[in-house]
Amino acid sequence: MSKKILVVGATGNIGRTLVNLLAEKGESVKAATRHPETYQAHANVEAVAFDYDQPESYGPALAKADRLFLLPKAGDPEADKTLIALIERAKQEGWVGHIVLLTAMGVDQADENLGLRRAELHLINSGIAYTILRPNWFIQNFAGGFILPSIKAMGGIYLPAGDAKTSFIDTRDIAAVAAEAFTDDRHWNKEYTLTGGEALSYQEAAAIVSEVAGRTIPYASISEDDARVGLSRMGWPAVQIDFMLQLFGAVRQGWTAAISPVVAEILGEEAKTLKQFAEENAAVWK
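The numbering of the sequence shown is the working numbering, which starts it at 959 and goes up by one.
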């Protein structure tokens, strides 16, 4: 049987890093992307066509893949439906023996009938070996995502996060843990919460970015109403805004402050910090 790992989301921060790490380990990788013709593939990597919104792309992408990396479609509050459909298609194809599923920190505490918890439980009960990774908010958001546009447009970070802390995690650490999960069966049928090694408020995070950037980048906590207006002006659909505001409600309640030792335990080195990331990407904020 052909041994290949299909990585969904291969052009994203986590996916691209994971593809490269697996290729470096000598694994054969199928990089799933909407535009395989433009994907810069390395040795051991085959770019394949895949689109969450086109179920007809699932079968060809999964062909001869014995392992599968899944993550939710970005910004989709109903991503669980797509994930469940992909898990079912993987069962039907009959190749996949192990799935690494990325969800989010705290999903295991959610009602079993809601969102990503439904996808997790579907995988757990699928009969396919699994590894579930639940990361906290990404450090990379400070250099992209929803934070950088605020810095560029208004000179600061304006979020409905209060003074609550978050143990931000670098997406490179997430990818590295996923690579270990694929290449070491001791991680089969395990569930891991992934965080950085420090919990920071957005005020503290803004101070770190400011120091590295050489200019003041303030943080101010704003109301949900103001956040809704700002995100709407950025072109966000109402359903995605509602989803984001729910997430920040969890931040304010302290759900994202916990620190997990898993990254250091699995990788044998401390999780990357915001300070490290900022120093590597200082030009973004200047």
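Backbone N, C-alpha and C define an ideal beta-carbon position, used for all residues, glycine too.
Could you round the C-beta distance between residue i and residue j to whole angstroms and report it? I think they count as a contact, below 8 angstroms.
| i | j | result |
| --- | --- | --- |
| Y1010 | R1047 | In fact, because the Cβ distance is near 12 angstroms, the residues do not count as touching under 8 angstroms. |
| I1127 | G1154 | 5 angstroms |
| V1242 | A1136 | Not a contact, Cβ separation roughly 25 angstroms. |
| P1093 | L1072 | Not quite, the Cβ-Cβ distance comes to about 19 angstroms (not below 8 angstroms), so this is no contact. |
| I1105 | H1080 | So it is not a contact: roughly 32 angstroms between Cβ atoms. |
| I1166 | L1232 | 5 angstroms |
Let me check understanding here. Comparing Cα to Cα, which of the options lies closest to residue i?
| i | options | result |
| --- | --- | --- |
| Q1204 | G1064, L976 and T1040 | G1064 |
| I1086 | L1044, A1111 and V966 | L1044 |
| K983 | G1052, A990 and A1134 | A1134 |
| P1018 | N1002, A1171 and L964 | L964 |
| P994 | Q1067, A1005 and R1173 | A1005 |
| S1084 | A1068, F1100 and G1052 | G1052 |
| T1151 | D1131, L979, A1240 and D1034 | D1131 |
| R1173 | E1014, A1240, R1076 and I1180 | A1240 |
| T1040 | L980, K961 and Q1012 | Q1012 |
| E1138 | R1076, D1038, G970 and L979 | L979 |
| V1221 | E1036, E985, E1149 and K961 | E1149 |
| Y1088 | V1054, N1099, L1074 and F1100 | V1054 |
| A1037 | K1230, E1182 and L1074 | L1074 |
| D1184 | N1147, E1014, P1118 and S1218 | P1118 |
| L1091 | Q998, N1147, A981 and P1176 | N1147 |
| G970 | A981, Y997 and A1163 | Y997 |
| Q1234 | A1007, M1202 and E1156 | E1156 |
| K1031 | A981, F1008, V1003 and L1189 | F1008 |
| L1002 | A981, E1182 and A989 | The sequence given here places Asn at residue 1002; Leu does not occur at that position. The shortest Cα separation from N1002 among A981, E1182 and A989 belongs to A981. |
| R1163 | E1182, S1218, N1099 and M1202 | Looking at the sequence provided, one finds Ala at residue 1163 rather than Arg. Nearest option by C-alpha distance: N1099. |
In whole angstroms, what is the alpha-carbon distance linking residue i and residue j?
| i | j | result |
| --- | --- | --- |
| I1097 | E1169 | 16 angstroms |
| T1129 | I1224 | 15 angstroms |
| I1082 | D1142 | 19 angstroms |
| T991 | L1029 | 13 angstroms |
| R1025 | G1113 | 44 angstroms |
| S1108 | Y1116 | 7 angstroms |
| R1144 | E1237 | 35 angstroms |
| M959 | H1056 | Only weak support is given to the placement of M959: the predicted model assigns it a pLDDT of 47, under 50, and the value that follows is read from those uncertain coordinates. Near 14 angstroms, if we compare the C-alpha coordinates of H1056 and M959. |
| V987 | A1178 | 43 angstroms |
| D1066 | K1022 | 31 angstroms |
| R1245 | K1244 | Any property of residue 1245 remains undetermined from this structure, which presents the chain solely from 959 to 1244. |
| T975 | H1000 | 12 angstroms |
| D1034 | D1200 | 11 angstroms |
| S1159 | A1216 | 12 angstroms |
| K962 | L1020 | 9 angstroms |
| Q1161 | P1176 | 7 angstroms |
| G1188 | K1230 | 30 angstroms |
| S1218 | E1014 | 39 angstroms |
| E1182 | F1206 | 9 angstroms |
| G973 | A1111 | 28 angstroms |
| A1101 | T1214 | 20 angstroms |
| M1202 | Q1050 | 34 angstroms |
| V966 | A989 | 7 angstroms |
With DSSP run on the structure shown, which of helix, strand or coil describes residue i?
| i | result |
| --- | --- |
| R1318 | Past the edges of the chain, shown from 959 to 1244, lies residue 1318, and the structure says nothing about it. |
| E985 | coil |
| E1156 | coil |
| V1242 | helix |
| L1026 | strand |
| I1180 | coil |
| V1054 | coil |
| L1091 | strand |
| A968 | coil |
| E1014 | helix |
| A1222 | helix |
| I1105 | coil |
Does any CB atom of chain C fall closer than 7 angstroms to the CB of residue i?
| i | result |
| --- | --- |
| T1214 | The structure shown contains no chain C; it holds only a single protein chain. |
Verify the contact flag: residue i, CB atom, against every heavy atom of the ligand ADP, threshold strictly below 6 angstroms.
| i | result |
| --- | --- |
| T975 | Summarising the ligand content, the structure contains no ligands, and the ligand ADP is consequently not present. |
Quick check: the segment 1209-1216 against the segment 1103-1123, are there 3 or more CB pairs under 8 angstroms? Touching, per the Cβ criterion.
Three Cβ pairs or more, each shorter than 8 angstroms: is that satisfied between the segment 1188-1201 and the segment 1219-1235? No, the segment 1188-1201 does not touch the segment 1219-1235.
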